[in-house]
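Quick notes on the structure that follows.
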Amino acid sequence: MRLSRLAQALTFTTIALILTACGSDNDSETNIVIGDVTPPLLTINSGFDDSTATVAASFVAGQVRDSGGIKSLTYQVNDKPQRAMTLDVEGNFTDTILLTLGDNKITLSATDNAGNVTTSTKTIYLGDTIAAGGSHTGAIKDGQLYGWGRNNYGQTGLGSATKLAQNNTVIQIHPDTPVLINSAPDNLVSISFNQNHSLAIDEDGQVYSWGNDSYGQLGRGDVNRDSCSLIKDCRLDIGAITNISDALMVAAGYRHNLILTEDGSVWAMGANTEGQLGDGTTTDSSTPVKVDFSAATGIGNIIQVATSSSSSYALDDKGQVWGWGSDSYANLARGQQCNTANNCINVTSKPILISSIQDASQGEKITQLAAGRDHVLALTDKDSVYGWGLNFSNQIGYSAKYPSKASIIWNDVITSPVKLPWFTDKQVRTIYANGNLSYVLLEDGKAYPWGMYGETNSAGKTSYSNLNEPSDKLQNMAAIDHMAMGALHHIAQEKTGEIFTWGWSFEGSLGNKNALGTWMYNTPLQVTLSAQL
Numbered sequence: 009m010r011l012s013r014l015a016q017a018l019t020f021t022t023i024a025l026i027l028t029a030c031g032s033d034n035d036s037e038t039n040i041v042i043g044d045v046t047p048p049l050l051t052i053n054s055g056f057d058d059s060t061a062t063v064a065a066s067f068v069a070g071q072v073r074d075s076g077g078i079k080s081l082t083y084q085v086n087d088k089p090q091r092a093m094t095l096d097v098e099g100n101f102t103d104t105i106l107l108t109l110g111d112n113k114i115t116l117s118a119t120d121n122a123g124n125v126t127t128s129t130k131t132i133y134l135g136d137t138i139a140a141g142g143s144h145t146g147a148i149k150d151g152q153l154y155g156w157g158r159n160n161y162g163q164t165g166l167g168s169a170t171k172l173a174q175n176n177t178v179i180q181i182h183p184d185t186p187v188l189i190n191s192a193p194d195n196l197v198s199i200s201f202n203q204n205h206s207l208a209i210d211e212d213g214q215v216y217s218w219g220n221d222s223y224g225q226l227g228r229g230d231v232n233r234d235s236c237s238l239i240k241d242c243r244l245d246i247g248a249i250t251n252i253s254d255a256l257m258v259a260a261g262y263r264h265n266l267i268l269t270e271d272g273s274v275w276a277m278g279a280n281t282e283g284q285l286g287d288g289t290t291t292d293s294s295t296p297v298k299v300d301f302s303a304a305t306g307i308g309n310i311i312q313v314a315t316s317s318s319s320s321y322a323l324d325d326k327g328q329v330w331g332w333g334s335d336s337y338a339n340l341a342r343g344q345q346c347n348t349a350n351n352c353i354n355v356t357s358k359p360i361l362i363s364s365i366q367d368a369s370q371g372e373k374i375t376q377l378a379a380g381r382d383h384v385l386a387l388t389d390k391d392s393v394y395g396w397g398l399n400f401s402n403q404i405g406y407s408a409k410y411p412s413k414a415s416i417i418w419n420d421v422i423t424s425p426v427k428l429p430w431f432t433d434k435q436v437r438t439i440y441a442n443g444n445l446s447y448v449l450l451e452d453g454k455a456y457p458w459g460m461y462g463e464t465n466s467a468g469k470t471s472y473s474n475l476n477e478p479s480d481k482l483q484n485m486a487a488i489d490h491m492a493m494g495a496l497h498h499i500a501q502e503k504t505g506e507i508f509t510w511g512w513s514f515e516g517s518l519g520n521k522n523a524l525g526t527w528m529y530n531t532p533l534q535v536t537l538s539a540q541l
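Sequential numbering from 9 applies to the sequence shown in the numbering used here.
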């Protein structure tokens, strides 16, 4: 299996991880300390843990100490050669470990001058094994794809466009519980859904697409489309995107998609009327075009891509964020809302540096991105979270329409990154966004939403609250490993492997027969993967 580059922003803490040690008194070595059998003390940031990641690099920091002196600190990823890490005079280290797709066994080895070794080994998975779109949902288990939910464009992967209701009679034509999608490759590593289309990557880096192709977002050209809405606008088969064979990550947008490849290139396909493909044009493309970073001075290696409704983003290993596409809601954080009213250019067809994040973060390094419909979140290596863009529904927080405190009122559009005040002394693992909602997942496995959050009361009435700050709405889930956000429903996998869904139940989107009504289920429901249709 081809393995993955991964990432998570991790805070320096004082958690000592003394895992394995062996002594040596071989006095033929230089700098030997005779009689020293005590291994070095290796202290690593608390986020260096077995986990699933959304960024193709691991930011590792810590300290090595030993009374007899340190000979070396190295890291190894899978079976690749060891690489040395740099220590300062105090034994502190920070490094960015670039990885490849799938499981990454990362071993840090500290060796003292007597030859004693302390190692710390973790396995981090780069790839999304769960996904949620407009109303369809999926999961990967042992490389195989399971799908359920709405399938009007073939987005579930059944090979046909189906409905759950016909002539006002509920009949199960597409699955309301997970089924094995036999037409999918059996070696999938990552999936990404949005709206009514789906993307997947296999262990060799081949990208597949299916579902709605109205704007060419599936990247498979202009011929051989199927008819799903009276015109040839969909792909019912799960087909490969040609010319892309080394993908690390896909980001499914609303009408366009991005692909990050092993060499750090970014490819885009689909709608481009607002420059969201980043190739210097505003012409749609039904095949992948390469994002033009030629003017991006000082850019590092791209380690994450993200999409919103008509904008695109990329994060490099220097902690810099690049953006392109629509700036109608200050998506590019240039200090003003760009629209016809204020006569500024609201389309940027090549990546520009969103430099104000670095200014705002006072030296913190951006390590992760998440994008909703028109808002963006950025996580730093100090566990700070910044947000900008559309804030009409409190998806960034404290909108003037829904203030929780008279002294804290933010605008409906945040034109420059603002530091969110809720995460002081919190260890943030992952940030998520879609639609007009945001989530943060902490290291303790608890997730908290804010923004447009729907709830159904005991009388069956559904309403949407605009939560102005993170709220504990998932009180019965405390061991989440990773999540995926659809437009109005969500899926999470716990560290034990159990899968849960919650939110809007429409045409089987939640994958549980106890939730077939068209309303919000706020208590997460367990989902069981099944091979039967």
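Built from N, CA and C at the ideal position, the CB exists for glycine as well.
Secondary structure of ASP325 (DSSP, three-state): coil.
Where ILE507 is concerned, the enclosing beta strand (DSSP E) starts and stops at 507 to 512. At a Cβ-Cβ threshold of 8 Å, THR269 and ALA255 count as neighbours. A distance of 8 Å or more separates the beta carbons of GLN71 and ASN112.
A buried status is given to ASN121, since no fewer than 16 other beta-carbon atoms sit within 10 Å of its beta-carbon. For PHE67, the enclosing beta strand (DSSP E) stretches over residues 65 to 73. In this structure, ASP44 is the residue among ASP44, ASN190, VAL231 with its C-alpha nearest to the C-alpha of GLY123. Only buried fits SER316, as 16 or more other CB atoms lie within 10 angstroms of its CB. As DSSP reads the structure, GLU463 sits in a beta bridge with SER471.
Distance between LYS434 and ARG263, taken at the CA atoms: about 35 Å. If you draw a 10 Å sphere on the C-beta of ASN474, you find 16 or more other C-beta atoms in it, and that means buried. The Cβ atoms of LEU387 and VAL329 lie no closer than 8 Å to each other. Around the beta carbon of SER235, a 10 Å sphere encloses fewer than 16 other beta carbons of the protein chains shown; the residue is thus reported as exposed. Beta bridge pairing from DSSP links ASP210 with LEU196. The segment 131 to 147 makes contact with the segment 193 to 212: 3 or more CB pairs, one atom from each, lie closer than 8 Å. Pairing LEU398 with ASN442, the inter-Cα distance amounts to about 12 Å. Secondary structure of ASP103 (DSSP, three-state): strand. With fewer than three CB-CB distances shorter than 8 Å, the segment 352 to 367 does not count as touching the segment 443 to 455.
With 16 or more other Cβ atoms from the protein chains shown falling within 10 Å of its own Cβ, LEU172 counts as buried. Going by DSSP, CYS242 is part of the beta strand (DSSP E) stretching over 240 to 248.
Contact annotation: the segment 266 to 285 does not touch the segment 235 to 244, with fewer than three C-beta pairs closer than 8 Å. Straight through space, the alpha carbons of MET460 and ASN190 are spaced by roughly 36 Å. Sequence-distant partners of ASN354 (beyond 5 residues in either direction) whose C-beta falls short of 7 Å from its own C-beta, in its chain, are SER334, ASP335, SER336, CYS346, ASN347.
Annotation for TRP218: the continuous beta strand (DSSP E) segment containing it runs 215 to 220.
ASP367 carries a helical assignment under DSSP once its states are collapsed to helix, strand and coil.
The C-alpha of LEU116 lies about 8 Å from the C-alpha of THR126.
For TYR440, the closest alpha carbon among the candidates THR464, HIS497, LEU361 is that of HIS497. Under the three-state reduction of DSSP, GLU502 is assigned to strand.
Following the DSSP letters along the chain, one finds ASN112 inside the beta strand (DSSP E) bounded by residues 110 to 120.
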